[in-house]
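I have placed the structure first, in the form of structure tokens, so that the comments after it can refer back to it.
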Amino acid sequence: MRIGIIGATGWLGSALGGRLLSGGIVAPDQLVVVNHSGPRADYHGHPVRWARDAAELAALSDVVVVSVRPEDWPALQVRAEGKLVLSFMAGVGADRLRACGGRIVRAMPNAAAEIGQSWTPWWADAGVTDADRQAVTMILSAIGTSDEISGESQIDLMTALPGSGAAYPALMAVAMADFMTGQGVPENIAWRATEAAVCGGAAMLAGRIADAPALLATYRDYRGTTAAGIEAAEAAGFSTAIQAALEAATAKARAMADAAKG
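36 is the number of the first residue of the sequence shown in our numbering; add one for each residue after it.
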């Protein structure tokens, strides 16, 4: 199976391409790539096939991965009749993607793809075969884990939450570090303390995230310093702010889709 990546040196495209190669999921001669800036001497240390443009890439590939900005999609004029097309674009719905003639799957990886830790939800349009689904699962395994979701409308929600990657933890980390430095803690120590809370603390929930309510209840029941902090955060609107952020991100994804429809 020959895989083509349009936008192969962008954030997600590069993560996918590099990990497909390093994991031995695809051989260099079975990977076709294209980008805005043109060919390079190698690609993640491998001699892959560089296409002249998106049209040549589609012609050479069995699976076409589209990892570009949504506004770049119309100019690509991809023709992919008989091909599986795996889109990473937010706001470009199947109704527009079908114009390329391929069998459409929309997926929403996040920045953790770089370290092979993305959870990627994906949706399959009518006409996608069982073999296609197996191919999608195999391709996405290079960057983490994945699940098929039942409706395309859920992709906008997935753009807002798992698609955000490290954005919200980073936002919280900046607020924590700013508090510590504001109290006179040296910056390097402030960041180490923040890492312990954000990264070390989150590791406790890895693989058992549904236990989060029970963990919060344990902290509250202890009635210690963390309980005081949790209560203050809630009183200040912490949960409301997170929900507002997700609502805004979802609305933006839907607005992008509506704008694209004209």
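A virtual CB, placed ideally from N, CA and C, is assigned to each residue, including glycine.
What you are looking at is a predicted structure, and each value in this text was computed from that prediction instead of being measured.
query: Report yes or no: do the region 284–292 and the region 184–203 share at least 3 C-beta pairs separated by less than 8 Å?; result: yes
query: In the region 93–129, which residue ranges form an unbroken beta strand (DSSP E) of at least 3 residues, counting only runs that do not cross its ends?; result: 98–101 and 119–122
query: Is the CB-CB distance between His79 and Leu51 below 8 Å?; result: no
query: Among the candidates Ala225, Asp182 and Leu175, whose CA atom is the shortest distance from the CA of Ile60?; result: Leu175
query: Thinking just about the alpha-carbon of each residue, which of Arg255, Gly236 and Val100 is nearest to the one in Gly39?; result: Val100
query: Please report the straight-line C-alpha distance between Gln152 and Val103, rounded to a whole angstrom.; result: 21 Å
query: Terminal residues of the continuous alpha helix (DSSP H) containing Asp222?; result: Looking at the sequence shown, residue 222 is not Asp but Glu. First-last of the alpha helix (DSSP H) with Glu222: Glu222 to Glu230.
query: Would Ile178 be called buried (16 or more neighbouring beta carbons within 10 Å of its own) or exposed?; result: buried
query: So, using beta-carbon positions, are Phe123 and Pro156 closer together than 8 Å?; result: no
query: Shortest alpha-carbon distance to Ala142 belongs to which of Gly219, Glu116 and Leu132?; result: Leu132
query: With 16 as the cutoff for other CB atoms within 10 Å, does Ala170 come out buried or exposed?; result: buried
query: Taking the alpha helix (DSSP H) that Gly217 belongs to, which residues open and close that run?; result: Ala202 to Gly217
query: Does the beta-carbon of Met330 have 16 or more other beta-carbons within 10 angstroms, so that it is buried, or is it exposed?; result: Nothing can be reported for residue 330, as the shown portion of the chain is limited to 36 through 297.
query: Going by the DSSP bridge assignment, what does His81 pair with across the sheet?; result: Tyr78
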